[in-house]
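S.K.: Starting off with a structure, shown below.
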Amino acid sequence: MSAATPSPDRYYQEVASYYDDDAQDFEQRYEVNPVLQRIRGAFREITEREAFTHALEIGCGPGFDVEYFAATYPERKVSAIDVSPGMIELAQRRCDGAGLTNVSLGVGSVEDIPQVFPEQKFDLIFVYFGGLNTVFDLRKAAADLRKVCTPDARLVLTFVNRYYLTEIPLWLLMRRFDKAFERVTNRWRGYSDLRKIPSRPYSAGDIRRAFGPDFRMGYRRGFSLLYPAWYRSHLLPKLGSKAETLWKIDSVLAKTPLWNTGEYSLYEMRVKS
Numbered sequence: 127m128s129a130a131t132p133s134p135d136r137y138y139q140e141v142a143s144y145y146d147d148d149a150q151d152f153e154q155r156y157e158v159n160p161v162l163q164r165i166r167g168a169f170r171e172i173t174e175r176e177a178f179t180h181a182l183e184i185g186c187g188p189g190f191d192v193e194y195f196a197a198t199y200p201e202r203k204v205s206a207i208d209v210s211p212g213m214i215e216l217a218q219r220r221c222d223g224a225g226l227t228n229v230s231l232g233v234g235s236v237e238d239i240p241q242v243f244p245e246q247k248f249d250l251i252f253v254y255f256g257g258l259n260t261v262f263d264l265r266k267a268a269a270d271l272r273k274v275c276t277p278d279a280r281l282v283l284t285f286v287n288r289y290y291l292t293e294i295p296l297w298l299l300m301r302r303f304d305k306a307f308e309r310v311t312n313r314w315r316g317y318s319d320l321r322k323i324p325s326r327p328y329s330a331g332d333i334r335r336a337f338g339p340d341f342r343m344g345y346r347r348g349f350s351l352l353y354p355a356w357y358r359s360h361l362l363p364k365l366g367s368k369a370e371t372l373w374k375i376d377s378v379l380a381k382t383p384l385w386n387t388g389e390y391s392l393y394e395m396r397v398k399s
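Our numbering puts the first residue of the sequence shown at 127, with every later residue one more than the last.
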């Protein structure tokens with residue numbers, strides 16, 4: 127590791143600071159963003175295809191999905207972790223307000239799960255909207271997740287994708303050459319031009335190399351290949367009914383080699399025996 131590379135503790139402090147400062151806006155963005163709502167609904171639908179006993183969400187943010195799964199399945203346990211104390215505070219407030227008693231929340235990174243939830247094993251682990259794009263070491267994170275899985279555990283993980291092809295010409299048209307190629311050249315550090323966050327977009331190959339030693343890859347799907355990304359939700363009124371057509375085309379493209387060329391990629395995995 128070079129002298130310029132921060133330690134894991136310093137790295138996660140930077141990530142936590144970013145999301146602490148963004149917590150309130152993060153919560154409000156979802157409530158007014160139809161693209162986020164639609165994609166989140168699709169993530170949940172895939173996650174709910176199989177039953178679980180004890181679920182763990184990594185990078186839970188303000189708790190939208192913790193609340194959803196705990197309220198929908200009150201007889202099951204839902205735990206969640208986030209590196210941002212501000213996000214966990216919002217999530218706890220949300221769950222307390224809903225009167226949920228089957229929820230446990232904690233502050234920390236993937237590496238902290240055994241300390242935050244000692245002696246706990248999970249048969250479902252899910253990550254929405256790229257929570258693992260901000261881990262310090264993805265291969266180590268995958269190995270750490272394996273340690274807290276039950277033998278029959280299922281993972282539903284989504285990542286910000288490295289090869290988001292439709293974004294390149296859009297940024298070029300805007301003469302934003304820096305933005306056009308920052309993902310493919312691995313210089314992407316979050317969505318904001320004003321403040322960068324320690325993060326990295328991942329390709330399908332990156333995911334296989336990190337998770338392949340411990341998990342079997344199963345179902346996979348890309349999102350926002352042609353359908354607008356969440357930060358382009360302002361295009362929906364202009365697109366009108368064409369937006370629905372783009373969503374359907376994305377569903378078709380998800381079954382082709384182009385599936386991994388959108389904003390997000392979802393992977394379903396299972397523990398290797």
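No residue lacks a Cβ here, since even glycine has one placed at the ideal position from N, Cα and C.
Assign Phe337 to one of three DSSP states: helix, strand, or coil.
M.R.: In this structure, Phe337 counts as helix in the three-state DSSP scheme.
S.K.: Go ahead and label Glu171 buried or exposed: buried means 16 or more other beta carbons lie within 10 angstroms of its beta carbon, across all protein chains shown.
M.R.: With fewer than 16 Cβ atoms within 10 Å of its Cβ, Glu171 is classed as exposed.
S.K.: If Pro354 sits next to Val158, beta carbons under 8 angstroms apart, how far is it from one beta carbon to the other, in whole angstroms?
M.R.: In fact, because the Cβ distance is near 15 angstroms, the residues do not count as touching under 8 angstroms.
S.K.: Taking the alpha-carbon positions, what's the Arg315 to Cys186 distance?
M.R.: Arg315 and Cys186: Cα-Cα distance of roughly 20 angstroms.
S.K.: What is the rounded straight-line gap between the Cα of Glu201 and the Cα of Phe248?
M.R.: Spanning the two alpha carbons is a distance of roughly 15 angstroms.
S.K.: Based on DSSP bridge pairs, tell me the residues matched to Asp208.
M.R.: DSSP lists Val233 as partners of Asp208.
S.K.: Does the stretch 236-253 come close enough to the stretch 179-196 that 3 or more CB-CB pairs lie under 8 angstroms?
M.R.: Yes, since at least three Cβ pairs between the stretch 179-196 and the stretch 236-253 fall closer than 8 angstroms, the two stretches touch.
S.K.: What did DSSP end up calling Met300 once you bin it into helix, strand or coil?
M.R.: If DSSP states are grouped into helix, strand and coil, Met300 belongs with coil.
S.K.: Given that a residue counts as buried once 16 or more other Cβ atoms are within 10 Å of its Cβ, and exposed if not, what is Phe285?
M.R.: Under this definition Phe285 is a buried residue.
S.K.: Count Cβ pairs between the stretch 290-300 and the stretch 225-236 that sit closer than 8 angstroms; are there 3 or more?
M.R.: Too few Cβ pairs lie closer than 8 angstroms, so no.
S.K.: Does the beta-carbon of Lys247, which I'm using as the reference point, lie nearer than 7 angstroms to any heavy atom of the ligand SAH?
M.R.: Inclusion of the ligand SAH in the displayed structure is not the case, the ligand content being empty and no account of it being possible.
S.K.: Does Met127 pass the burial test, meaning 16 or more other C-beta atoms within 10 Å, or should it be called exposed?
M.R.: Note that Met127 has pLDDT 44, beneath the 50 cutoff, so the model's placement of it is unreliable and the number below is only indicative. Classification of Met127: exposed, given that the 10 Å Cβ count is below 16.
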